[in-house]
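Per this note's numbering, residue 11 is the first one in the sequence shown, and the count goes up by one each step.
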Amino acid sequence: MELFCQHLVDMEVVKQLLCRLSKWEYTWLCLLVLATLAMHFSIVTQPTDPIFDEQHYVPDARSILQGHGTLRPEHPSLGKLFITLGIFLFGDNPLGWRFFSILFGTICIILFYLICRRLAMSKRASFLATFLLALDNLSFVQASVAMLDVYSLAFMLGCFYLYLDGHYVFSGVSAGLSTLAKLSGALVLPAIVLHTALKQVQGKRDRPWQCVALNLFQGFGPISFLLLMPLFDLIVFRHAVNPINRVMTMLSLSSSLTFANTTHPAASRPWDWILHPQIMFYWYDPHYIGAISFSIWALIIPVVCYMLFRALRGNSASIFGLSWFVGTYLVWIPVSIITDRISFIYYFYPTIGALCIGHGLGLSQLLDVWESKRQGKLRWVAMLAVPGYLLCHVVVFAILSPVFARWIPLFHINYPA
Numbered sequence: 011m012e013l014f015c016q017h018l019v020d021m022e023v024v025k026q027l028l029c030r031l032s033k034w035e036y037t038w039l040c041l042l043v044l045a046t047l048a049m050h051f052s053i054v055t056q057p058t059d060p061i062f063d064e065q066h067y068v069p070d071a072r073s074i075l076q077g078h079g080t081l082r083p084e085h086p087s088l089g090k091l092f093i094t095l096g097i098f099l100f101g102d103n104p105l106g107w108r109f110f111s112i113l114f115g116t117i118c119i120i121l122f123y124l125i126c127r128r129l130a131m132s133k134r135a136s137f138l139a140t141f142l143l144a145l146d147n148l149s150f151v152q153a154s155v156a157m158l159d160v161y162s163l164a165f166m167l168g169c170f171y172l173y174l175d176g177h178y179v180f181s182g183v184s185a186g187l188s189t190l191a192k193l194s195g196a197l198v199l200p201a202i203v204l205h206t207a208l209k210q211v212q213g214k215r216d217r218p219w220q221c222v223a224l225n226l227f228q229g230f231g232p233i234s235f236l237l238l239m240p241l242f243d244l245i246v247f248r249h250a251v252n253p254i255n256r257v258m259t260m261l262s263l264s265s266s267l268t269f270a271n272t273t274h275p276a277a278s279r280p281w282d283w284i285l286h287p288q289i290m291f292y293w294y295d296p297h298y299i300g301a302i303s304f305s306i307w308a309l310i311i312p313v314v315c316y317m318l319f320r321a322l323r324g325n326s327a328s329i330f331g332l333s334w335f336v337g338t339y340l341v342w343i344p345v346s347i348i349t350d351r352i353s354f355i356y357y358f359y360p361t362i363g364a365l366c367i368g369h370g371l372g373l374s375q376l377l378d379v380w381e382s383k384r385q386g387k388l389r390w391v392a393m394l395a396v397p398g399y400l401l402c403h404v405v406v407f408a409i410l411s412p413v414f415a416r417w418i419p420l421f422h423i424n425y426p427a
């Protein structure tokens, strides 16, 4: 009898714990993070060879670790140092190469949810947006491989969150770190400048001290970049390097990679990423594919138009999402036209979060329609559209991502010879 009573007490404790967890805002976020981590680590050793640009960055990390400096001087040092640290801690193996990519990809998911909440999006809209981002194929793949982009994006999202939270100086430092991971991290600056301008147009003027702090942000981005670069370069090169000369070298080498003098079968113009994107194979078996999930890609233009509509009506999340989209994607179009700089589909990776904000807002609004209307065709359309779209997104992820490539033969892709 005593054991039975103790069992009932234990069951009641478990019930209370589950009740508290169900009411905790971050329960579903934690489950999503754990699920993505499980998927990442289930394939972290597949394949055992460096894939795609890992074939550049892994040898570069080995060279840095051996004290020979970098083999890729066209890129800043911070992102490469994380790959080097992974090899130092876990060995020269797939886990060492990719561990910090997975970690920073997970940080991106958490930061993105916090950004959504800071934009006054509802818990439901924020989670829907985060769910779509976490299960976007390109986002998942970039967080699975030893490339620089995921490190740059993590600091970019940190910059966005700190900016929205009013910590402008620290936001500027994070912008500098994003650029030190990869030069394209500098695109965070036009996104924030545009958002500030749109707030002014909307009439939400900052207080005088906020304007001063925002100016500090705009200055601290470049300043932190120039001040921290020598520190990271010192670790890589084992001697002091002039930051100005280093910047000139990176820009010179980067600008030399143009469509006119470089041939790459997967190269594409920025407008191609939206109008007719191609599938870019990083590896064939298991397949690592550089492709935006079709469920996201197919609605890019409608979602941008939807955010524009909501922004004109004063929705703060839509205003920020549009600024993010323009700053990290549309800027590439004039850059491509003017410089002829070669580009690839995965350059769209930092922009996917902006689209997920629009998707999350739209799906949440459909659910609001379903809840508010007791009857009518629109209610049933809303009820079927949201779970149908989410299911489609999961199926697309299962088909494109490397996670299920070996487990489900139906999803096996016929690779080119």
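Even glycine gets a Cβ: it sits at the ideal position worked out from N, Cα and C.
{"query": "In whole angstroms, what is the alpha-carbon distance linking residue 99 and residue 164?", "result": "21 Å"}
{"query": "Grab the span of the alpha helix (DSSP H) containing residue 317 for me, first residue to last.", "result": "310–322"}
{"query": "Which stretch, first to last residue, makes up the alpha helix (DSSP H) that contains residue 283?", "result": "282–285"}
{"query": "Taking contact to mean at least 3 C-beta pairs separated by less than 8 Å, is the segment 184–197 in contact with the segment 305–320?", "result": "no"}
{"query": "Let's test the definition: count the other Cβ atoms within 10 Å of the Cβ of residue 152 and tell me whether it reaches 16, buried, or not, exposed.", "result": "buried"}
{"query": "Beta-carbon within less than 7 Å of residue 427's beta-carbon, same chain only, minus the 5 sequence neighbours each way: which residues are those?", "result": "A caution first: residue 427 carries a pLDDT of 41, below 50, which makes its placement in the model too unreliable to give a value."}
{"query": "Whole angstroms is fine: what's the gap from residue 324's alpha carbon to residue 212's?", "result": "7 Å"}
{"query": "Hey, residue 230 and residue 183 are a contact pair by Cβ (cut 8 Å); roughly how many whole angstroms apart?", "result": "6 Å"}
{"query": "Buried or exposed for residue 126, please, with buried defined as at least 16 other CB atoms from any protein chain shown within 10 angstroms of its CB.", "result": "buried"}
{"query": "Report yes or no: do three or more beta-carbon pairs, one from the segment 35–49 and one from the segment 259–277, lie closer than 8 Å?", "result": "no"}
{"query": "Look at the Cβ atom of residue 178, then the Cβ atom of residue 128, and state whether they are nearer than 8 Å.", "result": "no"}
{"query": "Cβ atoms of residue 110 and residue 92: under 8 Å apart, would you say?", "result": "yes"}
{"query": "Give me, in chain order, the residues of the same chain whose beta-carbon lies closer than 7 Å to that of residue 342; leave out the 5 immediate sequence neighbours on both sides.", "result": "280, 353, 357"}
{"query": "Cutting at 7 Å between CB atoms, please list the residues of its own chain near residue 416, excluding the five before and the five after it.", "result": "296"}
{"query": "Would you kindly report the start and end of the unbroken beta strand (DSSP E) that includes residue 290?", "result": "290–293"}
{"query": "Tell me which residues share the same chain as residue 333 and place their Cβ nearer than 7 Å to its Cβ, disregarding the 5 neighbours each side in the sequence.", "result": "201, 204, 205, 208"}
{"query": "Specify, as a first and last residue, the run of the beta strand (DSSP E) that residue 363 falls within.", "result": "That residue, residue 363, is in no beta strand (DSSP E); its alpha helix (DSSP H) goes 362–382."}
{"query": "Our contact map puts residue 371 next to residue 135 with C-beta atoms below 8 Å; I'd like the distance itself, whole angstroms only.", "result": "6 Å"}
{"query": "Taking just the CA atoms, how far does residue 102 sit from residue 149?", "result": "24 Å"}
{"query": "Have a look at 376, 405, 387, 411 and flag the residue whose alpha-carbon is nearest the alpha-carbon of residue 396.", "result": "376"}
{"query": "When you compare each of 269, 190, 57, 104 to residue 349 by their alpha carbons, which one comes out closest?", "result": "269"}
{"query": "Please classify residue 238 as buried or exposed, where buried requires at least 16 other C-beta atoms within 10 Å of its C-beta.", "result": "buried"}
{"query": "Can you tell me the Cα-Cα spacing of residue 169 and residue 142, whole angstroms?", "result": "21 Å"}
{"query": "To the nearest angstrom, how far is it from the Cα of residue 232 to the Cα of residue 210?", "result": "24 Å"}
{"query": "Does DSSP put residue 101 in a helix, in a strand, or in coil?", "result": "coil"}
{"query": "Count the other CB atoms within 10 Å of the CB of residue 420; is the residue buried (16 or more) or exposed (fewer)?", "result": "Residue confidence for residue 420 is low, a pLDDT of 42 falling below 50, so the modelled location carries little weight and cannot support an answer."}
{"query": "Tell me whether residue 79 sits in a helix, a strand or coil according to DSSP, three-state version.", "result": "coil"}
{"query": "Going by DSSP, what residues sit across from residue 298 in a beta bridge?", "result": "293"}
{"query": "Would the beta-carbon of residue 42 fall within 8 Å of that of residue 119?", "result": "yes"}
{"query": "Residue 60 to residue 107, Cα distance in whole Å?", "result": "8 Å"}
{"query": "Looking at the secondary structure, which residues open and close the alpha helix (DSSP H) in which residue 160 lies?", "result": "159–174"}
{"query": "Looking at the structure shown, is residue 279 part of a helix, part of a strand, or coil, going by DSSP?", "result": "coil"}
{"query": "When you compare only the Cα positions, how much space is there between residue 6 and residue 105?", "result": "Past the boundaries of the shown model lies residue 6; the chain is included only from 11 to 427, so the question cannot be answered."}
{"query": "For residue 117, which residues from the same chain have a beta carbon less than 6 Å from its beta carbon, with the 5 sequence-adjacent residues on both sides left out?", "result": "164"}
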